[in-house]
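Structure, as structure tokens:
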Amino acid sequence: MSFSLTTSLGLNSKYAIETVNLTKVYRSDSVEVYALVDVNLKIRYGEFVAIVGPSGSGKSTLLNLLGVLDKPTKGHVLIEGIDTSTMSPSQLAKIRNEKIGFIFQAYNLINRTTVLRNVELPAVVRGVPKKERVKRAMELLRLTGLDGKFNRKPLTLSGGEQQRVAIARALINNPTIILADEPTGNLDSKTGYEIFSLLRRLSEERKTTVIVVTHNLELANLTDRIIYLRDGRIEAERILRR
Ligand SMILES: Nc1ncnc2c1ncn2[C@@H]1O[C@H](COP(=O)(O)OP(=O)(O)O)[C@@H](O)[C@H]1O
Ligand SMILES: [Mg+2]
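First residue of the sequence shown: 1, per the working numbering; consecutive thereafter.
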């Protein structure tokens with residue numbers, strides 16, 4: 001079946017996120033690196049997907065393109081059936097803020113302010129009234145097991161707790177998609193397992209689409225589907241659950 005923009009457009013899309021021939025080439029003076037080559041992906045609403053592959057295989061490049069943080073050299077990213085390739089920078093910023101939550105290995109929290117304020121921030125950007133966003137932030141901190149830690153500074157928490165704060169923050173605008181780049185890379189195996197269990201619950205109970213890059217195959221086995229990248233291409237896929 002060939003790619004048709006018209007049939008994919010609109011909220012009727014079956015897929016939370018799709019890519020069409022997604023390609024990224026990094027160019028410097030003398031070298032070209034084909035970081036991603038013709039990647040075609042369709043990821044359903046509520047699906048929990050792991051992306052695995054050796055270092056340098058293009059995992060972070062793929063995640064950055066899925067999160068419309070970076071522009072492809074060629075190809076398309078469709079979010080809820082809508083092609084992002086012709087969007088303006090302000091439209092892309094709006095999509096990122098409203099549809100996508102990001103989680104990083106290094107947590108990327110603001111350490112001089114409180115846990116509650118960190119979780120609130122994307123809702124501040126969106127213009128959600130204070131009372132409403134504080135209520136949502138407190139609910140999410142309870143959901144992620146951080147009841148009683150609202151007023152702590154992030155650096156006074158354990159690594160696992162800091163990553164839970166980042167997950168609550170990623171959820172504050174009720175995104176369709178969570179993108180996580182090696183979220184358990186700095187955590188011990190028990191805490192890593194707990195973070196994956198939380199991500200699994202989000203995909204099941206809130207129907208959030210979760211796409212997670214990991215080196216850990218044991219954790220990847222907790223997802224619905226594993227996508228193996230090598231040299232910028234999808235080398236294999238394994239469906240674990242439907
Ligand atoms: N900003 C960049 N400029 C040039 N090359 C890059 C850049 N980012 C990544 N690369 C290269 O693209 C390839 C894929 O990198 P990356 O997506 O970070 O892989 P992974 O996350 O799987 O380790 C690697 O060869 C890397 O060196
Ligand atoms: Mg990476």
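Cβ atoms here follow ideal geometry from the backbone N, Cα and C, with glycine treated the same way.
This one's a predicted model, so the numbers in the text were calculated from it and none came from an experiment.
Is there at least one Cβ from chain C nearer than 8 Å to residue 239's Cβ?
-> Among the chains in the structure shown there is no chain C, since it carries only a single protein chain.
Under three-state DSSP, which class holds residue 64?
-> Residue 64: helix per DSSP, three-state reduction.
So, is residue 218 buried or exposed, given that buried needs 16 or more other C-beta atoms within 10 angstroms?
-> Counting Cβ neighbours within 10 Å, residue 218 comes out exposed, since fewer than 16 surround it.
Buried or exposed by the 16-neighbour rule on C-beta atoms within 10 Å, applied to residue 100 = That one is buried.
Give the straight-line distance between the Cα atoms of residue 240 and residue 225, rounded to the nearest whole angstrom.
-> Residue 225 has its alpha-carbon roughly 5 Å from the corresponding atom of residue 240.
What separation, rounded to the nearest whole angstrom, lies between the Cα atoms of residue 5 and residue 157?
-> Per-residue confidence for residue 5 stands at a pLDDT of 42, beneath the threshold of 50, marking its modelled position as unreliable; the derived number appears in the next sentence. Whole-angstrom Cα-Cα distance: 46 Å.
Say whether the region 174 to 190 touches the region 54 to 73, bearing in mind that this needs 3 or more beta-carbon pairs closer than 8 Å, one atom from each stretch.
-> The region 174 to 190 vs the region 54 to 73: in contact.
Residue from 163, 197, 188 and 190 whose Cα sits closest to the Cα of residue 181 | Comparing Cα positions, the closest option is 163.
Residues near residue 7 by beta carbon distance below 6 Å, same chain, minus five either side | Only weak support is given to the placement of residue 7: the predicted model assigns it a pLDDT of 38, under 50, and the value that follows is read from those uncertain coordinates. No residues qualify anywhere along the chain.
Leaving out five residues on either side along the sequence, give the residues of the same chain with a beta carbon under 8 Å from the beta carbon of residue 35.
-> Excluding sequence neighbours, residue 35 sits near 24, 25, 26, 58, 61 and 232.
Closer than 7 Å: residue 93 CB and nearest ligand 3 heavy atom = In the structure shown, ligand 3 is absent; the only ligands present are ligand 1 and ligand 2.
Does the distance from the C-beta atom of residue 200 to that of residue 222 stay below 8 Å?
-> Cβ atoms of residue 200 and residue 222: closer than 8 Å.
Top-ranked residue by Cα proximity to residue 205, from 77, 31, 47 and 43 | Checking every option, the nearest Cα to that of residue 205 belongs to 47.
Cβ of residue 231 within 7 Å of any heavy atom in ligand 2?
-> Not one heavy atom of ligand 2 lies closer than 7 Å to the C-beta of residue 231.
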